[in-house]
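J.:
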Amino acid sequence: MGRQDGTKAGIKHGDTESVDLLIVGGGFSGLALAIAVEGSGLTAAVVDRAAPRDVLGADFDGRTCAFADASVRILEALEVWPDMVAAAAPINDIRVCDGHSPLFLHYDHREVGDRPFGHVVENLVTRQALYRRLEKCSHATLEAPAEVESLQFADDGVTARLSDGRCLHTALVVAADGRRSQTRQSAGIRVSESAYHQTSIVCSIAHEHPHKGVAIECFYPAGPFAVLPMVDDASGGASWPHRSSIVWSEGSQLAPRLLALDDAEFTAELRRRLGDTLGDLEVTGGRWSYPLGLLRAESLTATRLALVGDAAHGMHPIAGQGLNLGLRDVAALAEVIVEARDQGRDIGGGEVLERYARWRRFDVMILIAVTDGLTRLFSNDVAPLRLLRDAGLAAVNGVPPLKRFFMHHAMGMVGDLPRLMRGQAL
Ligand SMILES: Cc1cc2nc3c(=O)[nH]c(=O)nc-3n(C[C@H](O)[C@H](O)[C@H](O)COP(=O)(O)OP(=O)(O)OC[C@H]3O[C@@H](n4cnc5c(N)ncnc54)[C@H](O)[C@@H]3O)c2cc1C
Numbered sequence: 008m009g010r011q012d013g014t015k016a017g018i019k020h021g022d023t024e025s026v027d028l029l030i031v032g033g034g035f036s037g038l039a040l041a042i043a044v045e046g047s048g049l050t051a052a053v054v055d056r057a058a059p060r061d062v063l064g065a066d067f068d069g070r071t072c073a074f075a076d077a078s079v080r081i082l083e084a085l086e087v088w089p090d091m092v093a094a095a096a097p098i099n100d101i102r103v104c105d106g107h108s109p110l111f112l113h114y115d116h117r118e119v120g121d122r123p124f125g126h127v128v129e130n131l132v133t134r135q136a137l138y139r140r141l142e143k144c145s146h147a148t149l150e151a152p153a154e155v156e157s158l159q160f161a162d163d164g165v166t167a168r169l170s171d172g173r174c175l176h177t178a179l180v181v182a183a184d185g186r187r188s189q190t191r192q193s194a195g196i197r198v199s200e201s202a203y204h205q206t207s208i209v210c211s212i213a214h215e216h217p218h219k220g221v222a223i224e225c226f227y228p229a230g231p232f233a234v235l236p237m238v239d240d241a242s243g244g245a246s247w248p249h250r251s252s253i254v255w256s257e258g259s260q261l262a263p264r265l266l267a268l269d270d271a272e273f274t275a276e277l278r279r280r281l282g283d284t285l286g287d288l289e290v291t292g293g294r295w296s297y298p299l300g301l302l303r304a305e306s307l308t309a310t311r312l313a314l315v316g317d318a319a320h321g322m323h324p325i326a327g328q329g330l331n332l333g334l335r336d337v338a339a340l341a342e343v344i345v346e347a348r349d350q351g352r353d354i355g356g357g358e359v360l361e362r363y364a365r366w367r368r369f370d371v372m373i374l375i376a377v378t379d380g381l382t383r384l385f386s387n388d389v390a391p392l393r394l395l396r397d398a399g400l401a402a403v404n405g406v407p408p409l410k411r412f413f414m415h416h417a418m419g420m421v422g423d424l425p426r427l428m429r430g431q432a433l
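Going by the numbering used here, the sequence shown opens with residue 8, and the numbers climb by one from there.
Quick look at the structure:
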């Protein structure tokens, strides 16, 4: 999918086109932002270096995403969810265990309301839905494959030169170009970073027993092992219709050897960690791997620039929160700039961006601290820490208000919620 309509997003002045918003990176965060501002009349150009036919290929990304309920509400407000819902498996219960210890923590969504904690959707389905929704937008274009070759920041706006030679003038550049964001680097925003020395192995399984909407997170010394419910597949392609997605984090030295095992050996290793909860199982499709690390940008904004999604923060998938946090960035930034535009203010102005940064700072800081703390606390076999963890699990299980607090966090429904998360239009 390239640019479909030369005049769709912007206004042309000689060789330079004008758009209100230039979004660098058409991953989930960048696409969601362009869709979020569509109704306001703001024009947006999304530039992504990857060709749509590549990222929409079945081999590109084998992951699923666990969308917290707050993210589902955002996707509903963006009118993307109807295109995903048939492929979305509700998470009704969450079961957390510490290795093979008999102690575990059980969260049941009925203790905090009638909506599931969230839903699990294949990344391919989400990407397709976002692309289809963007195509219907009359104020946004996707320029792909394309790159931003240079950005010139001035008082009245930013001029971007694209790899195809075109120039775009914009009030605000949004860096949505992921962990290795060149846009962030070119603005001189520094990051703090550390490696976990773990790699996530991702695959899908078909299994004998239904998962009943239960997501499992088991902490092993080498890293967490997560099983996420998926919708059944009755096509008969596997021995059973029931499906789950595996996010299996292992030490980075062992992971390549596990990935190289033949199907029978790989399945046996998987079963050793999963146990027989889901009965007999088989791995379906491919295996993917992702090295894991922590990254935090030292600032969420610079002159006429805002960071969203993984460009601003990258975390361990231990709690499945990376994209959920990115969608909350998107909801907050969209609200702040649409409000500024409605008040006749400059959407790339310093006060507007400062409001965005203030709004997001605490949520980002807390989630990074929690995911990092959990990863370090659970990814080891040190006896005193094991005792502390088991005492912690028992305490949370035994104190209902504490348990409800964690459940509300898992759903993302805490803090000062942007309008899109409350189901309201911008
Ligand atoms: C194993 C694993 C499991 C996960 N599970 C979950 C989960 O269950 N729930 C959850 O919330 N999160 C999860 N995450 C995190 C989630 O995948 C990321 O947070 C999310 O994909 C980030 O999206 P993004 O759009 O911000 O960045 P990205 O997905 O990195 O997208 C960046 C985009 O920018 C483009 N780009 C990069 N550089 C340039 C450039 N110079 N010019 C133009 N374009 C450029 C890229 O092509 C890409 O399309 C998981 C992560 C991993 C590794």
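Ideal Cβ positions, reconstructed from N, Cα and C, are used throughout, including at glycine.
How about proline 236: is its Cβ closer than 7 Å to a heavy atom in ligand 1?
T.: Because no heavy atom of ligand 1 lies under 7 Å away, the Cβ of proline 236 does not count as near it: no.
J.: Are histidine 320 and valine 371 touching if we call contact CB-CB under 8 Å?
T.: A contact, by the Cβ cut-off of 8 Å.
J.: With a threshold of 7 Å, establish whether the CB of serine 36 neighbours any heavy atom of ligand 1.
T.: The answer is yes for serine 36.
J.: On the CB-based measure, 16 or more other CB atoms within 10 Å of its CB, does glutamate 24 come out buried or exposed?
T.: Result: buried.
J.: For leucine 360, which option in Gly351, Phe369 and Ala347 has the closest C-alpha, if you only look at C-alpha atoms?
T.: Minimum Cα distance to leucine 360 is reached at Ala347.
J.: Here's the rule I'm using: 16 or more other beta-carbon atoms within 10 Å means buried, otherwise exposed. How should glutamine 431 be labelled?
T.: Glutamine 431 comes out exposed.
J.: Should glutamate 272 go down as buried or exposed, given a rule of 16 or more other Cβ atoms within 10 Å for buried?
T.: Exposed.
J.: In three-state terms, what does DSSP make of aspartate 12?
T.: Any reading at aspartate 12 needs caution, since the residue's pLDDT is 40, under 50, leaving its predicted position unreliable; the model's value is listed next. Of the three classes helix, strand and coil, the one that applies to aspartate 12 here is coil, per DSSP.
J.: Taking 6 Å as the limit between beta carbons, can you name the residues of its chain near leucine 274, skipping five residues before and five after?
T.: The sequence shown places threonine at residue 274, rather than the leucine named in the question. Answer for threonine 274: Val290, listed in chain order.
J.: Cα separation between glycine 243 and aspartate 423?
T.: Cα-Cα distance, rounded: 46 Å.
J.: Please list, in chain order, all residues of the same chain as leucine 374 whose beta carbon is under 6 Å from its beta carbon, the five residues on each side excluded.
T.: Only Gln328 and Leu332 meet the Cβ criterion.
J.: Apply the 10 Å Cβ neighbour rule to phenylalanine 232 and answer buried if 16 or more other Cβ atoms are within range, or exposed otherwise.
T.: Flag for phenylalanine 232 reads buried.
J.: Tell me whether glutamine 205 is buried or exposed, calling it buried when 16 or more other Cβ atoms sit within 10 Å of its Cβ.
T.: It is buried - the Cβ of glutamine 205 has at least 16 other Cβ atoms within 10 Å.
J.: Assuming valine 165 and valine 180 are in contact, meaning their beta carbons sit under 8 Å apart, how far apart are those beta carbons, in whole angstroms?
T.: Correct: roughly 5 Å between the Cβ atoms.
J.: Please confirm whether alanine 245 and glycine 32 have their CB atoms less than 8 Å apart.
T.: Not in contact: alanine 245 and glycine 32 (Cβ atoms no closer than 8 Å).
J.: With burial defined as no fewer than 16 other Cβ atoms inside 10 Å of the residue's Cβ, what is the status of glutamate 118: buried or exposed?
T.: Looking at its Cβ environment, which holds fewer than 16 other Cβ atoms inside 10 Å, glutamate 118 is exposed.
J.: Do you know how far the Cα of glutamate 224 is from the Cα of leucine 265?
T.: Answer to the nearest angstrom: the Cα atoms are 20 Å apart.
J.: Any chance the CB of cysteine 72 is under 7 Å from a heavy atom of ligand 3?
T.: Among the ligands modelled here, namely ligand 1, ligand 3 does not occur.
J.: By a C-beta neighbour count over all protein chains shown, 10 Å radius and 16 as the cutoff for buried, is phenylalanine 369 buried or exposed?
T.: Counting Cβ neighbours within 10 Å, phenylalanine 369 comes out exposed, since fewer than 16 surround it.
J.: Relative to the alpha-carbon of alanine 262, which residue among Phe412, Pro298 and Ala96 has its alpha-carbon at the smallest distance?
T.: The shortest C-alpha separation from alanine 262 is found at Pro298.
J.: When the Cβ atoms of the stretch 277-285 are set against those of the stretch 144-151, are three or more pairs found closer than 8 Å?
T.: The stretch 277-285 vs the stretch 144-151: no contact.
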